[in-house]
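Trainee:
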Amino acid sequence: MSGPLIKLIPVSFLELILLTLFSPFLSLFCVCVTETVMDTRTATAELGWISFPANGWEEVSGYDENLNTIRTYQVCNVFEPSQNNWLLTTYIDRRAAQRIYVEIRFTVRDCASIPSVLGSCKETFNLYYLETDRTVSESIKGVDTIAADESFSQVDFGGRLMKVNTEVRSFGPLSKGRGFHLAFQDLGACMSLLAVRVFYKKCPSIVQNFAFFPETLTGAESTSLVIARGSCIPNAEEVDVPIKLYCNGDGEWMVPIGSCSCKAGFEPDNGNVCRACPQGTFKSSQGAGLCQQCPLNSRSTIEAATLCGCRNGYYRGDMDKPEDMCTSVPSAPRNVVSVVNQTSVLLEWNPPRDTGHREDLTYNIVCRRCHSSERRACQPCDDSVKFTPGKEVLKGTRVEISKLRAHMSYTFDIQTVNGVSNKSPYPAQQLSINITTNQAAPSVVPILHQVSSTSRSFSLSWPPPEQPNGIILDYEIRYYDKCRFSSWVSFNSFTSDSPNVVLEGLRPGTGYVVQVRARTVAGYGAYSKEMLFQTLTDGKSVGGLLKCVEGVSITLRPDMFSGPTPTVTFPTLSEGRSSPGVKIYIDPFTYEDPNEAVREFAKEIDPSCVKIEEVIGSGEFGEVYKGRLKPVGKKEIPVAIKTLKVGYSERQRRDFLAEASIMGQFDQPNIIRLEGVVTKSRPTMIITEFMENGALDSFLRLNDGQFPVIQLVGMLRGIASGIRYLAEMSYVHRDLAARNILVNSNLVCKVSDFGLSRYLEEDTSDPTYTSSLGGKIPVRWTAPEAIAYRKFTSASDVWSYGIVTWEVMSYGERPYWDMSNQDVINAIEQDFRLPAPMDCPVVLHQLMLDCWQKDRNARPKFPDIVSMLDKMIRNPASLKAGTNNIPPGPSHHHPLLDRGAPDLSRVSSVEDWLAALKMTQYRDSFIGSVSFTRWRLTLDLQRIGVSLAGHQKKILTSVQSMRHHADDQSPTESV
1 MSGPLIKLIP
11 VSFLELILLT
21 LFSPFLSLFC
31 VCVTETVMDT
41 RTATAELGWI
51 SFPANGWEEV
61 SGYDENLNTI
71 RTYQVCNVFE
81 PSQNNWLLTT
91 YIDRRAAQRI
101 YVEIRFTVRD
111 CASIPSVLGS
121 CKETFNLYYL
131 ETDRTVSESI
141 KGVDTIAADE
151 SFSQVDFGGR
161 LMKVNTEVRS
171 FGPLSKGRGF
181 HLAFQDLGAC
191 MSLLAVRVFY
201 KKCPSIVQNF
211 AFFPETLTGA
221 ESTSLVIARG
231 SCIPNAEEVD
241 VPIKLYCNGD
251 GEWMVPIGSC
261 SCKAGFEPDN
271 GNVCRACPQG
281 TFKSSQGAGL
291 CQQCPLNSRS
301 TIEAATLCGC
311 RNGYYRGDMD
321 KPEDMCTSVP
331 SAPRNVVSVV
341 NQTSVLLEWN
351 PPRDTGHRED
361 LTYNIVCRRC
371 HSSERRACQP
381 CDDSVKFTPG
391 KEVLKGTRVE
401 ISKLRAHMSY
411 TFDIQTVNGV
421 SNKSPYPAQQ
431 LSINITTNQA
441 APSVVPILHQ
451 VSSTSRSFSL
461 SWPPPEQPNG
471 IILDYEIRYY
481 DKCRFSSWVS
491 FNSFTSDSPN
501 VVLEGLRPGT
511 GYVVQVRART
521 VAGYGAYSKE
531 MLFQTLTDGK
541 SVGGLLKCVE
551 GVSITLRPDM
561 FSGPTPTVTF
571 PTLSEGRSSP
581 GVKIYIDPFT
591 YEDPNEAVRE
601 FAKEIDPSCV
611 KIEEVIGSGE
621 FGEVYKGRLK
631 PVGKKEIPVA
641 IKTLKVGYSE
651 RQRRDFLAEA
661 SIMGQFDQPN
671 IIRLEGVVTK
681 SRPTMIITEF
691 MENGALDSFL
701 RLNDGQFPVI
711 QLVGMLRGIA
721 SGIRYLAEMS
731 YVHRDLAARN
741 ILVNSNLVCK
751 VSDFGLSRYL
761 EEDTSDPTYT
771 SSLGGKIPVR
781 WTAPEAIAYR
791 KFTSASDVWS
801 YGIVTWEVMS
811 YGERPYWDMS
821 NQDVINAIEQ
831 DFRLPAPMDC
841 PVVLHQLMLD
851 CWQKDRNARP
861 KFPDIVSMLD
871 KMIRNPASLK
881 AGTNNIPPGP
891 SHHHPLLDRG
901 APDLSRVSSV
911 EDWLAALKMT
921 QYRDSFIGSV
931 SFTRWRLTLD
941 LQRIGVSLAG
951 HQKKILTSVQ
961 SMRHHADDQS
971 PTESV
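For the sequence shown, full-length UniProt numbering assigns the number 1 to the initial residue and increments by one for each residue that follows.
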């Protein structure tokens with residue numbers, strides 16, 4: 001048999017081990033099927049086999065042990081020497097079998113029972129086979145020498161039963177012809193061949209694991225395994241593929257692999273049949289399960305149903321399972337009660353009598369503003385109306401609606417909705433209520449605008465409240481001098497009939513905090529938020545202005561510097577400093593459920609308010625986007641959106657949201673502001689304010705040399721102010737670096753990235769964070785005690801702040817240049833400290849050295865650092881002192897230091913010089929325009945295209961350095 005499903009192929013290594021170890025236990029059937037190709041027991045005429053020599057084998061008729069007539073061959077020439085008698089059968093067709101079995105029934109006379117026999121008497125004979133294709137003969141091949149188990153010693157011609165032997169031999173593989181001959185060789189025995197049966201074995205066709213396997217021939221060897229491919233029975237489908245069985249050499253099926261199972265709508269019956277589910281039952285999925293009765297409120301009218309259809313008026317929700325009962329829509333809510341308080345209303349109601357037999361009941365609130373009692377005159381409410389906790393998918397039976405208009409009629413529809421409401425052709429059941437709001441004060445003035453300013457006055461204007469709730473009678477304005485007062489204990493106030501005012505008699509160069517509120521017949525509304533405005537300086541008031549710098553974020557912009565004295569502006573009122581013991585940072589990982597920390601410290605944002613615009617980076621957990629946030633009733637603002645990538649683990653989601661739980665606890669102008677999170681839909685998002693200029697290190701590298709020193713100090717003051725706030729809240733940042741400081745369009749620096757804890761626990765491919773003593777640590781920015789003993793404190797943040805100061809003054813240079821992390825650790829242990837960057841004032845480098853004190857208790861505190869920076873701003877002359885004179889302190893020389901500073905002592909050409917300065921982009925401009933003669937350089941930087949101030953400084957400083965070097969050389973030396 002050679003059908004397409006049958007193939008003799010090698011088994012896999014794993015299967016071979018399995019078959020070798022467990023084959024005695026893996027057979028499915030021990031009864032094989034045999035196919036006989038020749039059997040002399042059924043012969044009624046002469047067999048016609050060929051005998052040689054002629055006096056050798058002789059065909060005779062005889063009887064078997066059951067006295068049936070049989071044709072046999074016998075030979076008994078034991079009295080003659082040198083016997084070699086051959087008997088060749090007729091042609092036998094092997095029928096595609098590769099291994100043949102021969103069953104021989106015979107008798108042998110005991111040589112000892114024959115008197116006067118010669119010494120050549122035998123009690124064995126040989127079996128051979130000869131492959132042939134009828135016309136082509138091959139060499140004859142031996143099978144075996146066959147000996148009798150029993151021999152007889154006397155011949156009883158009266159019909160006594162002889163001692164009959166039965167032997168079975170096999171041979172193969174057969175492949176050279178369509179058939180073969182058997183040959184028997186006698187070398188001197190007295191014996192009879194009673195019967196010869198030739199057959200082959202095969203595994204029977206079966207149904208196993210709902211798969212049909214056809215009849216399969218055994219292999220060529222007794223140890224061969226033939227794979228039979230199976231096919232699923234009717235109404236069954238594959239479960240595991242491939243589907244196969246192994247047919248061994250004994251005709252037994254072994255090792256089932258793969259299986260089928262009954263399709264949906266069919267159940268197994270007796271293990272080998274898939275029967276259709278009768279009417280009134282169903283089976284929704286493939287597998288071994290049985291048909292089930294239709295759930296409540298459903299039915300099936302056909303056989304083999306995979307789903308029972310819902311009866312009229314009943315439905316299944318999108319998330320319901322086929323075995324769930326069909327349900328209906330809920331009835332309307334009951335007994336609504338309203339409480340009106342000026343322009344707010346509180347609604348409460350009872351649940352519906354009928355929930356539709358579902359547990360996913362929610363409520364929607366539809367608000368309409370009406371000008372008469374007719375519903376046709378109603379319009380949808382403004383977007384500014386606020387619903388608490390919301391107006392859709394409410395699970396509770398209470399809602400507060402605020403920011404309504406005064407003296408206005410409203411209609412509120414309370415709708416009941418469940419998981420099948422969207423399936424019903426009828427609208428959601430609802431209960432309506434009409435209310436009229438009361439008299440109310442005006443809403444808050446949204447914003448104040450500065451129209452003009454002088455040294456003694458400034459002019460302000462503002463838009464009217466979004467909800468005046470009547471005619472505005474007048475506005476009350478109050479203000480105070482920020483430098484003289486810290487509260488509203490003493491302030492100036494007056495009224496204005498129009499939405500604008502001029503404040504006069506003010507002090508030059510002074511900041512004033514202003515608020516406005518509107519009044520109607522219902523009274524005054526709430527004051528607007530505090531806003532800071534500033535009078536112009538008269539040239540003598542910079543020092544006075546800086547006296548109130550404490551608590552104010554300083555922003556210095558390049559366009560402010562039209563002369564040697566910078567102008568200082570104050571974009572925010574206060575830093576939101578917390579008093580000791582008032583507000584302390586709470587670690588979100590101390591919560592038993594980290595999601596509770598997110599709910600407590602981060603505002604949940606409706607994803608419909610978020611618009612993603614473009615990818616601006618890639619974070620630890622996913623992409624970072626620029627987008628827009630449009631809160632209900634507020635203006636749209638730009639935001640940064642961190643997303644959690646698809647396929648996250650629960651731990652990754654926890655760690656991702658932990659940063660939001662941390663940021664949500666901070667409220668300070670120099671800390672990145674958290675707008676909120678999106679956790680109830682995908683993707684999960686953290687939304688923060690958008691910082692237009694990105695990370696501080698890359699921003700400085702892009703603007704190399706473009707800022708005056710006082711502006712850099714202003715940036716450092718903002719960073720220190722933010723970290724001071726964190727220290728007061730008992731929070732240790734642990735990853736303070738310029739890459740984690742963000743810069744907005746006003747050059748305000750804000751501390752970000754509050755997720756170092758994940759680096760300390762998980763692996764990261766970022767080379768900035770390296771394994772050291774069991775943790776991931778940013779070595780170049782970390783204090784030695786934190787590297788060695790993981791002692792992270794506010795003092796270790798001070799060390800990191802010193803590195804950030806060095807980064808700022810070097811315009812984003814990498815700390816310790818290309819030294820390895822281990823080299824950095826070794827150098828610090830040997831008291832090496834980073835040298836002052838180019839043009840760095842001595843006072844700033846001394847601040848760095850103070851931050852890098854080995855004894856952490858000797859380092860300054862952040863309030864001290866802020867105070868020192870304020871003194872520098874008040875006294876700009878201190879920032880113009882010599883830049884390269886290093887004061888006494890820790891050693892600054894180290895062999896590895898040479899890696900970071902260019903070696904100008906051995907340059908011999910313009911190309912070498914520019915390469916040392918890393919300014920090879922100017923090579924073509926310098927060639928032919930620059931000459932070196934005894935280190936005296938003549939050039940016009942602006943003319944040859946070096947326009948950046950930072951690059952000009954670097955080139956001129958290197959020229960000066962080479963001139964000093966040349967003064968120490970021999971007069972004859974020149975380049």
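Ideal Cβ positions, reconstructed from N, Cα and C, are used throughout, including at glycine.
Label K482 either buried or exposed according to how many other C-beta atoms from any shown protein chain fall within 10 Å of its C-beta, with 16 as the threshold for buried.
Mentor: That one is buried.
Trainee: Between the C-alpha atoms of S120 and V78, what's the straight-line distance to the nearest angstrom?
Mentor: Rounded to the nearest angstrom, the two C-alpha atoms are 7 Å apart.
Trainee: For F210, tell me which candidate among R178, N248 and C274 has the shortest Cα-Cα distance.
Mentor: The shortest C-alpha separation from F210 is found at C274.
Trainee: Note the first and the last residue of the continuous alpha helix (DSSP H) segment covering A916.
Mentor: Here the alpha helix (DSSP H) through A916 covers V910 to A916.
Trainee: Could you give the C-beta distance for residue 983 and V779, rounded to a whole number, given that I count them as a contact under 8 Å?
Mentor: Because the chain is modelled from 1 through 975, residue 983 falls outside the range shown and cannot be assessed.
Trainee: Report the option in D240, E238 and I472 whose CA atom is closest to the CA atom of V521.
Mentor: For V521, the nearest C-alpha among the options comes from I472.
Trainee: Do E167 and I104 have their C-beta atoms closer together than 8 Å?
Mentor: Closer than 8 Å, so yes.
Trainee: Secondary structure at S86, three-state DSSP: helix, strand or coil?
Mentor: According to the sequence shown, residue 86 is Trp rather than Ser. Of the three classes helix, strand and coil, the one that applies to W86 here is strand, per DSSP.
Trainee: What are the boundary residues of the alpha helix (DSSP H) that includes Q846?
Mentor: From DSSP, the alpha helix (DSSP H) with Q846 extends over V842 to C851.
Trainee: By alpha-carbon positions, which one of R519, Q342 and P333 ends up nearest to D354?
Mentor: It is P333 whose Cα lies nearest to the Cα of D354.
Trainee: Near A236, which residues of its chain fall below 8 Å by C-beta distance, leaving aside the five closest residues on each side in sequence?
Mentor: Here the set comprises F210, A211, C260, S261, C262, K263, F266 and C274.
Trainee: If you compare alpha carbons, which of L747, V501 and N312 is closest to F458?
Mentor: For the residues L747, V501 and N312, the minimum Cα distance to F458 belongs to V501.
Trainee: Can you name the residues that DSSP bridges to S618?
Mentor: Bridge partners of S618: E623.
Trainee: Could you tell me the distance, in whole angstroms, from the CA atom of R673 to the CA atom of T535?
Mentor: Going by the C-alpha atoms only, they are around 28 Å apart.
Trainee: Under 6 Å Cβ to Cβ from residue 1010, same chain only, skipping five residues before and after it: list those, please.
Mentor: Here the chain comprises residues numbered 1 to 975, so residue 1010 is not present and cannot be evaluated.
Trainee: Within the continuous beta strand (DSSP E) that includes L346, where are the two ends?
Mentor: Note, L346: beta strand (DSSP E), S344 to N350.
Trainee: For F707, count the other beta carbons within 10 Å of its own beta carbon; 16 or more makes it buried, fewer makes it exposed. Which is it?
Mentor: The residue in question, F707, is buried, as its Cβ has 16 or more Cβ neighbours within 10 Å.
Trainee: Suppose contacts are defined by Cβ-Cβ distances below 8 Å. Is V37 in contact with R94 by that definition?
Mentor: Cβ distance < 8 Å, so V37 and R94 count as in contact.
Trainee: Who pairs with A738 in a beta bridge, going by DSSP?
Mentor: DSSP lists no partner for A738.
Trainee: With a threshold of 16 other CB atoms inside 10 Å of the CB of S113, please say whether the residue is buried or exposed.
Mentor: Looking at its Cβ environment, which holds fewer than 16 other Cβ atoms inside 10 Å, S113 is exposed.
Trainee: At 3 residues or longer, and completely inside the segment 253–331: list those beta strand (DSSP E) runs for me, N to C.
Mentor: You should have 253–262, 266–269 and 273–276.
Trainee: Where are the alpha helix (DSSP H) runs, 4 residues long or more, that stay fully inside the segment 583–609, in chain order?
Mentor: 594–601, all fully within the segment 583–609.
Trainee: For the ligand ZN, is there any heavy atom lying closer than 7 Å to the beta carbon of N272?
Mentor: With respect to the ligand ZN, the structure shown offers nothing to examine, as it has no ligands at all.
Trainee: With which residues is D93 paired in a DSSP beta bridge?
Mentor: Answer is G179.
Trainee: Taking the alpha-carbon positions, what's the R316 to G718 distance?
Mentor: Roughly 59 Å separates the two Cα atoms.
Trainee: Would a C-beta distance cut-off of 8 Å place D186 and V60 closer than the cut-off?
Mentor: No, Cβ-Cβ distance for D186 and V60 is not below 8 Å.
Trainee: Which residue marks the beginning of the alpha helix (DSSP H) containing T805, and which one marks its end?
Mentor: Per DSSP, T805 belongs to the alpha helix (DSSP H) from S794 to M809.
Trainee: Buried or exposed: which applies to D697, given that a residue is buried once 16 or more other Cβ atoms fall within 10 Å of its Cβ?
Mentor: Buried, by the Cβ-count rule.
Trainee: Helix, strand or coil for C232, going by three-state DSSP, please let me know.
Mentor: Of the three classes helix, strand and coil, the one that applies to C232 here is strand, per DSSP.
Trainee: Can you check the UniProt domain "Fibronectin type-III" (329–440) for any beta strand (DSSP E) of at least 3 residues that lies completely inside it and give the ranges in chain order?
Mentor: For the UniProt domain "Fibronectin type-III" (329–440), whole beta strand (DSSP E) runs of length 3 or above, ordered along the chain, are 334–341, 344–350, 362–370, 378–380, 386–388, 398–402, 409–417 and 430–436.
Trainee: Should the segment 783–797 be regarded as contacting the segment 856–864, the criterion being three or more beta carbon pairs within less than 8 Å?
Mentor: The segment 783–797, when compared against the segment 856–864, does touch it at the 8 Å Cβ threshold.
Trainee: For the beta strand (DSSP E) holding F707, just list the boundary residues, first then last.
Mentor: Segment: none, F707 is in no beta strand (DSSP E) and carries neither H nor E.
Trainee: Our contact map puts R169 next to L130 with C-beta atoms below 8 Å; I'd like the distance itself, whole angstroms only.
Mentor: In fact, because the Cβ distance is near 15 Å, the residues do not count as touching under 8 Å.
Trainee: Enumerate in chain order the residues of its own chain whose CB-to-CB distance from S878 is below 8 Å, with the five nearest sequence positions on each side excluded.
Mentor: Contacts found: P841, V843, K871 and M872.
Trainee: Helix, strand or coil: how does DSSP classify Q668 here?
Mentor: If DSSP states are grouped into helix, strand and coil, Q668 belongs with coil.
Trainee: Between the segment 506–526 and the segment 433–452, can you find at least three pairs of beta-carbon atoms closer than 8 Å?
Mentor: Judged by Cβ distances under 8 Å, the segment 433–452 makes contact with the segment 506–526, as three or more pairs qualify.
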